Structure formats: structure tokens, C-alpha cells
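Everything on this sheet refers to the single structure shown next.
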Amino acid sequence: MPLPCNDPFQDGEPLAGHSRFLQRLHRRYGSDLTLLPDGAPRRAAMDAVCDALLARGNDTGTALRVLRQLVMERLIQLDCDGQAPLSDITCAVTELAELALDRACRHARQELDTRHGAPQGPEGQAVQLWIIGMGKLGARELNVSSDIDLIYVYEHDGDTAGTPDGRGKISNHEYFARAVKAIYSLVGDTTEHGFVFRVDLALRPNGNSGPAAVSLAALEEYLQVQGREWERFAWLKSRVVAPRDCIASTEVQALRGVVLPFVFRRYLDYSVFDALRLLHSQIRDHAAKRSAGHPERANDVKLSRGGIREIEFTVQLLQVVRGGQFPELRRRPTLDALQRLAQAGLMPQPTADALARAYVFLRRVEHRIQYLDDQQTHVLPTRDDDLAWIARTMGYPDCCAFLHELDAHRELVAQEFDTLLGGNGKKQCSKGGCGGPRAAAPPPPELEALLEQLPPGFRERVAEWRNHPRVQGLRDETRARLFRLVQRTAQWLTEGRVTEEAAVRMANWLEPLLRRDSYLALLLERPSVHEQMLHLLGAARWPARYLLQHPGVIDELVGDALLAERFSVADFERELAMRLASITSTGEDDDETLLNLLRRAQHAETFRTLARDVEHRITVEQVADDLSALADSVLRVTAQWCWSRLKTRHREVPQFAVIGYGKLGGKELGYGSDLDIVFVFDDDDERAPEVYAAFVRKLINWLTVKTGEGDLYEIDTALRPNGSSGLLVTRFEAYANYQERRGSNTAWTWEHQAMTRARFVMGTPELEARFDAVRTAVITSARDPALLRGEIVAMREKVRQAHPTRDGQFDVKHSRGGMVDAEFAVQYLVLSQSAAHPELVANVGNIALLQRAEQVGLLPAGVGHAAADAYRELRRVQHRARLDEAPTQVTPPALQAERDAVLALWTAVFGNGH
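Residues in the sequence shown are numbered consecutively from 2, following our numbering.
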């Protein structure tokens, strides 16, 4: 709106005095202002002022109203002249509301108990009343003229105890209905001193037609049976705000147990997009009707396009979609939640920061609008002097500069919100944060008409749905989503963007998941995820199987960041720590929840690596490095969590370690690899053997047990001293003696071969140093080369006989000239030559060790490097074959050069007797 930029205020003069509300407060309560100590009002100071007002003979309602006026006067001064942080203002108003509700509740219940006795539960126990703050009150971000959205819930149905003379007995339902009325009278009624807060109970079950207070059982039934999608957003910020002595009680946990599953679903939940679109459309339509004929109302900093509500909706939508699986996102305050979304990769950090700046700016403007006349409005004033005053109190020289900044913030908010809900705008989110552009879609065709649009192979697969009970049992809305997905896939097939094989695999993937409508909603909401999933399904068979086992991981398929990044140990463990802290704070940290949390995190990271692999963004070696680092992290975190929950633990930090062998030790893990590990401890406590045995059993169970989310790893402990007949966890001294062949019970040569690839995975630094010393001593021990050569060749022949290959075929792993030949040659070189050539001691992998062996003259020129290149290629071929669940055998002359290079290595190391 065009406005002049004149400014009636002089530099340096106090600005708060322009507020007509402040002027009224000074006229009416000037003599009482000193009751409130200097600085931002806080709960303790407000309690003291309230007590002082009561001591003067004021009743509770009057004392609370006068207190409110004193607090408002202070906030106007601090905000307009002192530029107080937004948090100082919202915290003060929130604590005022909590104080008022606490005192009003106690006052009301005291009077009701006198007349009717205390309410009783089914076993005669006392019954709590919980005042639940919704919206800004729940999030501790009330504005200075907020109404407070409340829901009253009482613990149990039953009757009151009655008075000592046996009279006055009423039902708990009636008792609490009267309590709600009494509390409203103390807080919400307007008297000569105004009100404390406007109170709104419209969010309660069944809205204004429902009872004023509901029992916990009635609330649970309502949410499960009738709760609507928009109510999930309302309950997202809910919090018990009064009475104060109930907030931390164990009984409140029962309320959390009802609300959390309603707001946050177990699976990623994209069905809420449509619900939020409808809700937001209704709000915008309402705003448009209000501003019809009143153009000034279009400048509503809360409800208009780009306003506060759109920032809140943006945050809440992402929280509701992902909060079930990622509890660290369950933050009530908008600014806190924005940062959590950015940390989780659901929103770029610059976007989160920009939205946070816009939120603070708009909230500060909102407060100034309300400071003018203490009206619950969010519309910019039309008076020039009022607008200029807002500009100056915001730190701008005139209203033109202020309005320019306001427009910039609102435009950014509107663009981000439209992008999220599928409007125009560039898509910027990553890791499952945003939806793609979504034009108004025509109604999907019926199945028979749809089949006519499909190519033959895809048509044949989809035609099987004609009489499929799952498809026939779908709701109309779900069937429409399914057919739209098929229709879009067919369009991409026609355009050559995806393959028919991928489309058929998508149908196979969808079929068992049809009852989970959220997956259909997810793919429809985000075409980029749909297309990326088709690329992945078309690339190989194993990704399709993994997606079927863990369908929730498809949410990882969005944005360039996924493909450009690599696994980060620090980020993975930090996110798990945040999730643990979040579920611990709400009392949800039972073993099953933690098991599922670990599995979802591991599956998501595995899938991210798989996506980069299939798109050829990382090499086979990098895949193995990332999968091995992931396994290390999972072992470390799982061990920490298990130890903290071990009832028999006798110290804070276990004197314990995990040694990795095989593919884990050599950092060559593949998808689905099991973990070869050995457990050791070094603890002189007499309870140690029993404690660590229980610990290891618990740890193995946590890693291997199948829950609803699947498992983590298969564990193989056969390489421990004495194999399957040995102890599950070994005292480190016994482990060292066994490996270094001290005493009568010692390691075999094949166990020393395994030691060449052994690696310290996790444990105390002292044990790491001791293990490294033992490993070095073992592989640098003096050995008879001829005897060692004979033992290793014999072991190689034994392994080959256990893995026969068909005539005329070359198995990239087990045939002569295959990967196992190269591995045994490296093991011989390490065990026979490390004492003389310390370059071979480090566990750097077969490829690097072959290159080093040639560099120190242990292999003829070119043989080591050629064998290293051949080993790399054989690994790549094996990896690709396993990805597509294809045989790892080829028909010569395929891979002949690689085979010859490995045979040359074998001859150079062992001679011609292969």
C-alpha cells in the first residue's frame, strides 16, 4: 500500500510513549509499576508481585489482571526502547499465562473440594486435572495479545468423595466442568481491570460442541477414532502448562503416550500434505473474505501470504511427516525446530536461517501492532504516525525502509511455503524435505483405460491387479493415487526417462505396500523421488529387494546432496545421540524403540551408499570404505547404549574392545556382509568375566535380533581363540598369549593369516595400543618360509575344493587366478616378510600391499601393480554381479588379462605348483 515516508519522531527520544495502551496503563496503574523489579519479568518476580497484590486485599482474579497490566507495561518499554530479544518477550508472556492458570486452577479446585470433596479414581486415588496449552502457549512463544488455546483433560472418570457429612458428591465429569468454568472466570472474564488472557477451547475434542473437560480415556478414543489430520498439527505443540505440581508427575506420561502416536506416525507420512493444503486454503480464503472491501487487511503479518502462519506451517509439516522416525525433530518452538530441520538435512541451512530471521522480524512487528491499543490484531495500522512508530521501534529510519524489509521477508516465506506444498518456485530442499511442483491433476482413469496406455510388459504386470484383493480393497482416494503413479510412470516410459524393467519392479514393490497409503502419497508429492526410485530399481535387482525390505528408505532419494555426499561418522553418531536424547526426554527410550532407531538409521545410511553406488558416484573401494565405517559406528553406538542399560555393569566405561576380522577388518564390507568380530576385555574386577559375558550376549542380540524394522548385521565370532568352543569374550592377556603362541593353547597358521586383516574397531585407547602391539608381533614373527608356504598353499587348496567351479567357467573369487589367490599371496608376503619390510605391517588393504611389495623388491617389476589392478577389477565385477543378483562366474576369455595377472602373482610368490 502506498504510504508517505514522513517521520514525526525525533532521534533519541523514548518511543514507547506513543503506545496508547502504555498511556492508559500509566494513567491507571502508575503507582503500582514499582512492584515489578527491574528487567525482564520472570516467573519468580511475577509470583512475588501477585502475592503482594493479594496482600493488599485483592481477590485472585483482580491480582492476576493487575499483574498482567504491569507485565505488559514493562514489556512495551523493554521492547520498544530497549530492543529486547524476542525470546525475552515471549518467555515473559508465557510464564505469565502459566502462573495465572496455575493459581486459577488451585483456587478453583480448592473451592470445589470444599463443596464436593476431591475427585477420585477407580481405586480411590486422587485424580489430576491437566491444563494443556496448545499452539504458541505450548511452544512457549505467546505474543503480547495472544489468546490461549487450552484443552482440559482429567485423569480418570469416577465421583468426588463428597463432604464429611456425606453430601455434595458429584461425578468427576461435572466437577471438572465446573473447574473449567471457574478457571475461565478468573482468567478470561473482562472486568474493570480487563482480562488476564482471552481463552479459546475450540481445539478440544469435538470442538465447541464437546465437553469443556474430557477424561484421558475419552481423549484417547477420540484421537484414535475421530482425530483429523489438521488436529495433528494442533497437538504438535501441546504441553501440560498447569497446575505446576502436575507438570513433572509420572502420571503425565500416560497423556504423552496418547498424544505422541497420534501426532507422529511410525512411518513417513506424506498424506498430511493434502490436509495442510486444505487447511491453508481455508485460512487464505477466510483472510481474503475479511479483506474484501478492506484492502488494508491484506497487510496481515500473521495470516496473509508470506506471514507468520506460513513459517509455522512449513516447519510443522516437515515435523509431522518425519517426526515419527526422527524424534529429534519434535521441538515445539518454531526457531528451535527450524534449526533441527536444517541439522537433519530436511532444509538447507541458509533457508532455515532466512526463515528464522523472517519469523523474528514478523513476530516483533506483530508485537508492535498489538502494543498500540492492546488489540488482538496482526494487521499493519493505516495511520501514518503509527506505521512510522513501528518502523522506528524496529530500528529503521523511516517507514519506507521498514516496508521494503517487510516485503522481502514475506516474499521469501511465501516462496518457500509454495515450494513445499507444490506451488511455483525453485525446489531447494534436500533429504526428503520438500515436494516437487504439483499442478492440478486430472482425475485418474479407471484400470481398463489405464492399461491401454501401458507398454506390453508393464501392462501385463498391472493387469494382475484386476482381481487382486489388495487393490479391490483400497479406498477411492488411495486407488486414485495408485493409478496416478502408474500413469506418470507410463508417461516417463514413453519419454524414455525410465526402463520398462524398472516400471515392472516398481509394481512389484508397490503391491505389498498398498495398505500403507503414505508411500503412495510420498511418491505423488515428490516426483523427483518417484523418478530416482525408478532409476534405482532399473539398475539392479538387489536395490529392489532392499527397498521391499525397508520401504521407508525411499525418502532418502531426493536432491543432489544425497549423491554428492559421503557417509560421515560424526554426523551419523551426532544424529543418533540427538534422537536418543529426544526419546529419553519423553520416556520412550525402551529397548524396542532403541533397536528400531538403530535399524532405521543403519538402513538409511546403507541405502544412501547404495544410491551413490548405483549412480556410479563412488567407486567399489569407496562403497566398502563407507559400509565399513558405518559398521564401526553402529558397533560403537550399540555398545555404548547396551552398556548403559546393562543392569550388572560395575563401572561407567567398560574396559572392553571389539576386534574386526575378514571384510570388516580389511574395510572391504559389501551389502549384507556379516561381521567377523572378536570380543576382548581387560578388567581385574572379580565380577568382570560374568559382566562382560552378559554384555556381549546383549550386544549380539541387539545387533542380530529381527524387529519390525529388520536387523542390523549377522555376527560371526568363530575367529575367537579356540573358535566355537572358546569363550564368547576373552580376557585380553589370554587373547595375546593365544595369538603369540605362548603356552600350550595357541593359534593356527590360518588364524595368523586372518590376523593380517585384523583391525581394532572400538574400545579403550589402552586396549587399542596393546592390540596393535600384539598384531605387529604376530605378523612380524620369525617363520620358516618354506613351511609357511606349504601351509598356506594347502589351505588355499582346501578352500578351492569347498567352492568348486563348473568346467569352462571362471569364478572371479574362487577359481585359479581369482581374488582368493591374490589374498593368499598377500597374506604369505605379510607373514613372511613384514619383519624385514615394515611397510607391509599396516592393514592398508590388498591393493596397497601388492603395490608396496613390488616397491620393496619382493615382486618382479610390474607384477604387483598388475595384480593390484586385476584385483580391483575382479572386485568391481563381483560387486556388480551381486548387486544384480547375477552369478559371479564368467566364460573365458572374459577377464583373461586379470586372471593372467593374478596367476603371475601366484607364480612369483609360490612357484609354478598351482
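Where is the CB? At the ideal position from N, CA and C, for every residue including glycine.
Because the structure is a prediction, the values reported are computed rather than measured.
- Boundaries around Trp543 are those of the alpha helix (DSSP H), Arg542 to Gln550, since no beta strand (DSSP E) includes it.
- DSSP links Phe198 through a beta bridge to no other residue.
- A Cβ-Cβ distance of about 20 angstroms is found for the pair Ala578 and Pro334, leaving them out of contact under the 8 angstroms criterion.
- DSSP, reduced to helix, strand and coil, places Ala658 within a strand of the structure shown.
- Per DSSP, reduced to three states, the secondary structure at Ala249 is coil, with no helix or strand assignment.
- Take the alpha-carbon of Arg233 and the one of Leu598: they are about 22 angstroms apart.
- Annotated three-state conformation of Ala243 is strand, per DSSP.
- With a cutoff of 8 angstroms on beta-carbon distance, Ile90 and His536 are scored as not near each other.
- Fewer than three pairs of CB atoms, one per stretch, sit closer than 8 angstroms, so the segment 191–200 makes no contact with the segment 157–164.
- When the alpha-carbon of His19 is set against those of Cys247, Leu373 and Asp870, the nearest one is in Leu373.
- In the structure shown, the three-state DSSP call for Pro351 is helix.
- Within the segment 710–786, the beta strand (DSSP E) runs of at least 3 residues that lie entirely inside it are, in chain order, 730–732 and 760–764.
- The shortest C-alpha to C-alpha distance from Gln344 to any of Ala359, Arg807, Arg575 and Arg205 is the one to Arg575.
- When C-alpha distances from Leu217 are compared across Leu628, Phe177, Tyr185 and Thr420, the shortest belongs to Phe177.
- In the DSSP annotation of this structure, the continuous segment of the alpha helix (DSSP H) that includes Phe234 starts and ends at Glu230 to Leu237.
- Beta-carbon to beta-carbon, Arg266 and Gly325 are separated by about 5 angstroms, close enough to satisfy the 8 angstroms threshold.
- The alpha-carbon of Phe418 is positioned some 15 angstroms away from that of Arg358.
- Beta-carbon to beta-carbon, Ile716 and Asp675 are separated by about 7 angstroms, close enough to satisfy the 8 angstroms threshold.
- Distance from Trp644 to Pro655 at the Cβ level is roughly 5 angstroms; contact confirmed, criterion being Cβ atoms closer than 8 angstroms.
- Our two residues, Val821 and Thr251, have alpha carbons roughly 60 angstroms apart in a direct line.
- Within 10 angstroms of the beta-carbon of Gln897 lie fewer than 16 other beta-carbons, which makes it exposed.
- With 16 or more other Cβ atoms inside 10 Å of its own Cβ, Leu138 counts as buried.
- For a cut-off of 8 angstroms, the C-beta gap from Val827 to Ile780 is around 12 angstroms, too long to register as a contact.
- For Ala214, the enclosing beta strand (DSSP E) covers residues Ala214 to Ser216.
- Boundaries of the beta strand (DSSP E) around Asp677: Leu676 to Phe682.
- Beta-bridge partners of Ala127 (DSSP): Gln121.
- Ile171 is positioned such that its CB atom lies no closer than 8 angstroms to that of His108.
- Annotation: Val145 is outside any alpha helix (DSSP H) and is labelled neither H nor E by DSSP.
- The continuous alpha helix (DSSP H) containing Thr705 extends over residues Ala689 to Thr705.
- A direct Cα-to-Cα measurement between Arg480 and Val505 gives close to 18 angstroms.
- Just measuring C-alpha positions, the residue of Val635, Gly588 and Thr585 sitting nearest Ser569 is Val635.
- In the structure shown, Asp386 adopts helical secondary structure according to DSSP, grouped into three states.
- In the three-state DSSP reduction, Gln84 falls in the coil class, being neither helix nor strand.
- Runs of the alpha helix (DSSP H) spanning 4 or more residues and lying entirely within the segment 845–892 occur at 847–856 and 864–884, in chain order.
- At a Cβ-Cβ threshold of 8 angstroms, Arg44 and Leu102 do not count as neighbours.
- By the Cβ test, the segment 625–634 is not in contact with the segment 786–805, since fewer than three Cβ pairs between them sit closer than 8 angstroms.
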